[in-house]
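In the working numbering, the protein residues as written are 3 to 592.
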């Protein structure tokens, strides 16, 4: 786990070594910059070279895609010779000038043949990607050119090579490939379809061919490099070194210390320091930069960074110790989809994030209110210089400012206890405190009855809560009236009733609110809806059939009784009789 601040030591030393060797050596010199695959040697070198020399003083040559020595020389020429040098060269070589005029193109190999010691004065050449060298190109020939550049042109050369990567490629190339071909003996095969299977086989012969591709590039490289390499330096970065090279400070929502903490848990060193994975991580994080602004709670930002990291590194068991997260399971698939497609539907995602942000900020604010309340109480309790009046005023200010949800924050029992304490500290303001208590408690009652999940969540406390409500006549009456009002309102809305029956069946679960709602639908209301809305009749019939099969206590019994009674009344109408009799027969009513 990354707990202490890391300060890089190896990278500054490596840079110092490179500068000293490449600047002080007067003759040609070859440095081998070695390290594991994927840890960013090339990225490090290009960053170092750009900061150390201008573009005309350093040349990077990738051997990937080069099929001949001439290809390599051409690339060196094109990178070394700026436009002025080429112009001067062409003035001295009019034949090439004519070739340009005739649009034959410039034969850079002719320029390369004119290389002198002065050509490479103050220039550093870097050769990379030895493990990706073309089969058409001999590695011994490449090393021969490098040796020539060193010895004859006194070049300063850096070779970037992965530890034992050539050996791995050699092992792959040593595998034998067997191909089998079935060739027809007789070109005229029109009769074959009429033959039996065994007879058909007689008309074919099998030709086997072995293709053996062998390379010994590692052996050649080791043999030649011993003669031409003067210094072997090793790039062994800490993951923070590599992260510092690629991280984008413009991603203001990213806590880079969080990324460091996550990287510290990746137990594969090559993967931990892999510069490509780091760049991929940053590329994917940029998808969210327009959504995660400074107003978004850092819990959300941290959680998204965490999710993107897990997806890129494919590493399980990561833990976060020093940073706050939040639950993003509701939109995790959207994040994963954005990573895969490299595209984020910003507007819809922004709406989701803003809603979550509002909830988190509200939760944080509630926590602050809770902490401030009890902080003042502790001050009141232990600080004898803190007066009763000051305590009452400051607590009242907090409660009044948060009267809409103060009871949710503290709980009804605790809030009632604080109000009683306020009255003791300042009896002259009892009416004021009582009024605040009733207003805040009514808001809490609204919160309780509008969502039955709240009552389910508070099921261990609900009896005590109802006891406190019922001991106050004003609150008890308010609870009863609001409960009836809500039930009556829902019971008169056919859409709400149909949805309730559908949800109960679909989820195979219900609460007191569902039972009370369906129980309150009268026979008259049932009869009206059955006649007016076919979807109601279909849903109610299916619901009654389903609930009829319950064992033990019959839930929704009153609803079913009222439904059947309404059907029986309507069945007296001859226009409905043939239809409704079938329903009644199902319930055993003849």
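Glycine included, each C-beta is placed from N, C-alpha and C at the ideal position.
Item, Value
"Touch test, the stretch 249-269 against the stretch 218-237, Cβ-Cβ under 8 Å, three pairs minimum", "no"
"Rounded C-alpha distance that separates residue 334 from residue 285", "18 Å"
"C-alpha distance - residue 67 paired with residue 323, whole-angstrom precision", "46 Å"
"Any beta strand (DSSP E) of 3 or more consecutive residues that is wholly inside the stretch 457-524", "none"
"Exposed unless 16 or more other CB atoms sit within 10 angstroms - verdict on residue 301", "buried"
"Rounded Cβ spacing between residue 440 and residue 477 (contact assumed at less than 8 Å)", "7 Å"
"Contact under 9 Å by Cβ, residue 268 with residue 158", "no"
"Range covered by the beta strand (DSSP E) that runs through residue 35", "31-37"
"Spatial distance of residue 504 from residue 535 (CA atoms)", "15 Å"
"Buried or exposed by the 16-neighbour rule on C-beta atoms within 10 Å, applied to residue 417", "buried"
"Buried versus exposed, by CB contacts within 10 Å (16 or more), residue 52", "exposed"
"Backbone secondary structure at residue 449 - three-state DSSP", "helix"
"Start-to-end residues for the beta strand (DSSP E) that takes in residue 61", "60-64"
"Test item: CB-CB of residue 275 and residue 315 under 9 Å", "no"
"Under 9 Å between C-beta atoms of residue 34 and residue 163", "yes"
"Distance, residue 290 Cα to residue 438 Cα", "44 Å"
"Rounded straight-line distance, which links the Cα of residue 501 to that of residue 395", "48 Å"
"Separation of residue 307 from residue 380, as counted between CA atoms", "39 Å"
"Beta-carbon proximity check, residue 144 vs residue 65, cutoff 9 Å", "yes"
"Under the three-state DSSP convention, the category residue 530 falls into", "helix"
"Assigned secondary structure, residue 233 (DSSP; H/G/I helix, E/B strand, else coil)", "strand"
"Supposed close pair residue 125, residue 229 - CB separation, criterion 8 Å", "Not quite, the Cβ-Cβ distance comes to about 23 Å (not below 8 Å), so this is no contact."
"Enclosing alpha helix (DSSP H) for residue 271 [first to last residue]", "271-274"
"Exposed unless 16 or more other CB atoms sit within 10 angstroms - verdict on residue 514", "exposed"
"Neighbour-count burial assignment, residue 546, 16 or more Cβ in a 10 Å radius", "buried"
"Residue 483 at chain C interface by Cβ criterion, 9 Å", "The chain labelled as chain C is not found in the depicted structure, where only one protein chain is given."
"DSSP state of residue 255 mapped onto helix, strand, coil", "coil"
"Beta-carbon spacing of residue 348, residue 295 below 9 Å", "no"
"Segment contact, 8 Å Cβ cut-off, at least three pairs: the stretch 10-17 with the stretch 232-252", "yes"
"As assigned by DSSP and simplified to three states, the class of residue 535", "coil"
"Where residue 126 falls: helix, strand or coil (DSSP)", "strand"
"Same chain, Cβ closer than 7 Å to residue 541, five either side skipped, listed in chain order", "500, 503 and 504"
"Alpha carbon of residue 587 to alpha carbon of residue 516, nearest angstrom", "27 Å"
"Rounded straight-line distance, which links the Cα of residue 43 to that of residue 25", "20 Å"
"Exposure label - residue 508; buried when at least 16 CB within 10 Å", "exposed"
"CA-to-CA distance, residue 400 to residue 382, given in whole angstroms", "15 Å"
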